[in-house]
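Undergrad: From first to last, the protein sequence lines stand for chains A and B.
Be aware that the first sequence starts at 1, since it is given in the working numbering, and climbs by one per residue.
Be aware that the second sequence starts at 1001, since it is given in the working numbering, and climbs by one per residue.
Even glycine gets a Cβ: it sits at the ideal position worked out from N, Cα and C.
Please read all numbers here as calculations on a predicted model, not as lab measurements.
I have a structure I would like to understand better, so I am pasting it below and will then ask my questions one at a time.
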Amino acid sequence: MEKYLQVFKTKLKDALEYRFDLLFGAFTQLVSLAAVLILWTAVYRQAPVLGGFTYPEMVAYFLVARAVQGLLWVGLPTEMEKEIKDGLLSRYLLMPISYLGYWLWGEMAEKLVGVGVTLLFFGLLAFLLRHRFAFQTDPLLLLLFALSVALAFFINFFLTFTVGLSAFWISEIWSVSFTKDMLHEFLSGGVFPLALLPPLLAKGAMALPFAYCVYFPVEIYLGRLGPSQLLRGFGMQVLWVPLRACLAGLAWRVGLRKYEAVGA
Amino acid sequence: MSVIEVHKLRKTYRRHQKEEGLLGSLKSLFKRRFEETRAVDEVSFRLEEGELVGFLGPNGAGKTTTLKMLSGILHPSGGEARVLGYTPWQRANAFRRQFALVMGNKSQLWFDIPAMDSLRLNKEIYGVSEADFRDVVGELSGLLNVEKLLEVPVRNLSLGERMKMELMASLLHRPRVLLLDEPTIGLDVVSQKAIREFLARYNRERRTTVLLTSHYMADIQALCRRVLLINRGRLEFDGSLEALASRFRRFKRVRASFESPVPASDLEALGRVVEMEGNRALLEVPESAATDAARQLLTRFPVSDLGIEETPIEDLIRDAFETKAGPAGT
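Okay, here's the thing in structure tokens:
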């Protein structure tokens, strides 16, 4: 346990070393968010309510969705690919530590920095847009929102880790990684609220784990969910965390056998 | 019980053979041809507690593959190995806490943070107590003369400094077995010497069992009384360094630059011409005749620059094996 705590602390330092990255990331966020908001502002000139979202709710949707996406995003496949292909993975095999545990704690540390930065950045944006932003003040909903984001982090982490492990079999994993990112972005409601999809598609999307990564938390934030929907959503999250963890564990065992056979 | 016991250890790699051209690529999508190479072929040896043994052989002879199997990152295709009584590739935590592998061309440290943080991380991973940690870091940083560098981000360290940190990180948990793969590769002479002296002293004082590969004969000469020689996956020699040296003729290399072109044929009287490029030549002469050859070069030719070098162990061994064994078919 202590060893993973130390990974956590070390990675925390690592994350703080890259302040410039944070700044740059914030700038790109700003540009693309501006584009989205301009588009939706234009759309709302045509109708006051879309898919059950008022204009302030839609603004809040995108801001909060972006914040959540940022918190979920883990950049490990590229690093894992490098480690697996260059044989750096070996150093973890030499040490009495688990590779998954190492990454999980490391990413969690980075996200801890991430939470602070995200709150600051999006808080400021929300304040600037305060006349067109739907604030949520119910502490219970905010708490549930935080919980759902935490669960979403794990759902997404294990899948991303599995994508990284595909480097055991594929020499260029960016295509896998890219496909996963695209699917995730769209099916999680990152591009637009899933409620805007045709009913059948929306239903299909809600059966997949992606929807519980961004869409579900943001819906909680907006207070659009009743008790039964909340229960169902958390149920899905609690179901998908171990499922994806098992998938990652399986990929690790099978992939490692290959790695041990060839070495690197 | 020996610390390291290797019995008929074998590693066969399967390599995917691809035919040339687009058609070949398409064909290989459906039907793959594999070629088998024996990287390690029935190698057996034992190391006793406290021994420091050199592992020699040309590139691709199977040294690194053997070390990888002994450290458990690679599964063998056959045979057995026991390190400290454990089968390495089962990777028991109890085993991993007692040994270390250092690879000269692969870093275990985190690039962006100071070495001290990597050491702290290793401390926790290996469950080293705070008191032991202070002890080891104090002792090793003194021995390696790196006290002032512990707080510098690793990426800002020189190659030699980095290797010292690498050694510290690997020795933090006081491993009983230390496997070293080219620990001095790419280092300048001063750093090489420092690492070498450190290893000799560490092995002497701690009785750590060390198996080391190196391209530099100087490393081997300074450190190892016993050497293992491996070629094309087979163990060809296991014995003292003196016995090995006498088995191969020793040569030195004389490198000379001339003010004007000199025909290669004129130089052949002095020794074997290994390279001839414009006004520069590289001669190979028996060790005993090296000084004499240099003297003759200086007096008989318009020499502008001259140096005597040791024949790299690599070349020495390869030459020896090429003349002796010829191409071994597998």
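Using the three-state DSSP reduction, which class does THR1330(B) fall into: helix, strand or coil?
TA: Note on THR1330(B): pLDDT 32, under 50, position unreliable in the model; no value is reported.
Undergrad: Which bits of chain B does LEU93(A) rub up against, with CB to CB less than 9 Å?
TA: Neighbours of LEU93(A) on chain B, chain order: SER1071, GLY1072, ILE1073, ARG1091, ARG1096.
Undergrad: Whole angstroms is fine: what's the gap from ASP1041(B)'s alpha carbon to GLY1085(B)'s?
TA: Those two C-alpha atoms are separated by around 22 Å.
Undergrad: Against chain B, which members of the segment 163–189 of chain A pass a CB distance test of less than 9 Å?
TA: Against chain B - using a Cβ distance shorter than 9 Å - the segment 163–189 of chain A contributes no residues.
Undergrad: Report the option in ALA65(A), GLY75(A), LEU194(A) whose CA atom is closest to the CA atom of PHE161(A).
TA: PHE161(A) has its Cα closest to that of GLY75(A), out of ALA65(A), GLY75(A), LEU194(A).
Undergrad: Roughly how many whole angstroms lie between the Cα atoms of LEU243(A) and ASP86(A)?
TA: Their backbone Cα atoms lie some 30 Å apart in a straight line.
Undergrad: Give every residue of the same chain whose Cβ lies closer than 7 Å to the Cβ of ARG1225(B), excluding the five residues on either side of it in the sequence, and list them in chain order.
TA: SER1240, LEU1241.
Undergrad: Taking the straight line between their C-alpha atoms, what separation do you get for PHE1133(B) and THR1213(B)?
TA: Near 28 Å, if we compare the C-alpha coordinates of THR1213(B) and PHE1133(B).
Undergrad: Tell me which residues of the segment 98–122 of chain A have at least one Cβ-Cβ distance to chain B shorter than 8 Å, keeping chain order.
TA: Going along the segment 98–122 of chain A in chain order, one finds no residue with a Cβ nearer than 8 Å to chain B.
Undergrad: So, helix, strand or coil for GLU1259(B), using DSSP?
TA: Three-state result, GLU1259(B): coil.
Undergrad: Counting Cβ pairs, one atom from each stretch, are 3 or more of them under 8 Å apart for the segment 90–97 of chain A and the segment 1099–1108 of chain B?
TA: With the cut-off at 8 Å, the segment 90–97 of chain A and the segment 1099–1108 of chain B touch.
Undergrad: With distances taken Cα to Cα, identify the nearest neighbour of SER1191(B) among LEU1211(B), LEU1157(B), VAL1177(B), LYS1027(B).
TA: Answer by Cα proximity: LEU1157(B).
Undergrad: Which residues does DSSP pair with ILE1230(B) in a beta bridge?
TA: Note: ILE1230(B) sits in a beta bridge opposite LEU1235(B).
Undergrad: Can you confirm whether GLU79(A), when its beta carbon is compared against all beta carbons of chain B, has any partner nearer than 8 Å?
TA: By this cut-off, GLU79(A) is not an interface position.
Undergrad: Using only CA atoms, which one of GLU1259(B), PRO1286(B), THR1291(B) lies nearest to GLY1278(B)?
TA: It is GLU1259(B) whose Cα lies nearest to the Cα of GLY1278(B).
Undergrad: How long is the line joining the alpha carbons of LEU239(A) and LEU1211(B), rounded to whole angstroms?
TA: About 49 Å.
Undergrad: Output, in chain order, the set of chain B residues within a Cβ distance shorter than 7 Å of VAL7(A).
TA: Within 7 Å Cβ-Cβ: LEU1121.
Undergrad: With 8 Å set as the bound, which would you pick, yes or no: does the beta-carbon of GLU1125(B) sit closer than that to a beta-carbon of chain A?
TA: Inspection of the sequence shows that residue 1125(B) is occupied by Ile rather than by Glu. Taking Cβ atoms only, chain A reaches closer than 8 Å to ILE1125(B), which makes this a yes.
Undergrad: Kindly indicate which three-state DSSP category PHE1045(B) falls into: helix, strand or coil?
TA: It is a strand residue.
Undergrad: Near TYR259(A), what residues of its chain come up, given a Cβ to Cβ distance below 8 Å and the 5 sequence neighbours on each side ignored?
TA: So the qualifying residues of the chain are ILE84, LEU89, PHE168.
Undergrad: Beta-carbon separation of LEU1143(B) and PHE1095(B) under 8 Å?
TA: Not in contact: LEU1143(B) and PHE1095(B) (Cβ atoms no closer than 8 Å).
Undergrad: If I measure Cβ to Cβ from GLN1296(B) and keep anything under 7 Å in the same chain, skipping five residues before and after, which residues do I get?
TA: The residues are LEU1270.
Undergrad: When DSSP labels each residue in this structure, what does ARG1300(B) get in the three-state scheme?
TA: ARG1300(B) falls in the helix class under three-state DSSP.
Undergrad: Please check if any C-beta of chain A sits within less than 8 Å of the C-beta of GLN1017(B).
TA: No, because no Cβ of chain A sits closer than 8 Å to the Cβ of GLN1017(B).
Undergrad: Determine the chain B residues that contact LEU88(A) at a beta-carbon separation under 9 Å, and present them in chain order.
TA: Under the 9 Å cutoff, chain B gives LYS1106, SER1107, GLN1108.
Undergrad: Taking Cβ to Cβ, would you say ARG1253(B) is nearer than 8 Å to LEU1283(B)?
TA: Closer than 8 Å, so yes.
Undergrad: Hey, is ILE1308(B)'s beta-carbon within less than 8 Å of any beta-carbon in chain A?
TA: Closer than 8 Å: no.
Undergrad: Output yes if chain B places a C-beta closer than 8 Å to the C-beta of GLU260(A); else output no.
TA: Taking Cβ atoms only, chain B reaches closer than 8 Å to GLU260(A), which makes this a yes.
Undergrad: Per DSSP, ILE1308(B) forms a beta bridge with which residues?
TA: DSSP lists VAL1254(B) as partners of ILE1308(B).
Undergrad: Taking its Cβ as the centre, do 16 or more other Cβ atoms sit within 10 Å of LEU194(A), making it buried, or is it exposed?
TA: By the 10 Å Cβ count, LEU194(A) comes out buried.
Undergrad: Applying the 10 Å Cβ sphere with the 16-neighbour rule, what's the burial state of HIS1007(B)?
TA: The residue is exposed, with fewer than 16 neighbouring Cβ atoms inside 10 Å.
Undergrad: Put ILE1073(B) into one of helix, strand or coil per three-state DSSP.
TA: Three-state DSSP puts ILE1073(B) in coil, outside helix and strand.
Undergrad: Can you list, in chain order, the residues of its chain whose CB lies under 7 Å from that of GLU188(A), leaving out five sequence neighbours each side?
TA: It is Ser, not Glu, that sits at residue 188(A) in the sequence shown. These residues qualify, in order along the chain: PHE210, ALA211, CYS213, VAL214, TYR215.
Undergrad: Quick one, which of GLY51(A), VAL43(A), TRP103(A), LEU144(A) has its alpha-carbon nearest ALA248(A)'s?
TA: The option with the nearest alpha carbon to ALA248(A) is TRP103(A).
Undergrad: DSSP three-state label for HIS131(A), please.
TA: Note: HIS131(A) maps to helix in three-state DSSP.
Undergrad: Please specify which runs of the beta strand (DSSP E), each continuous and at least 3 residues long, are wholly inside the segment 1136–1221 of chain B, giving them in chain order.
TA: Whole beta strand (DSSP E) segments, 3+ residues: 1177–1181, 1209–1213.
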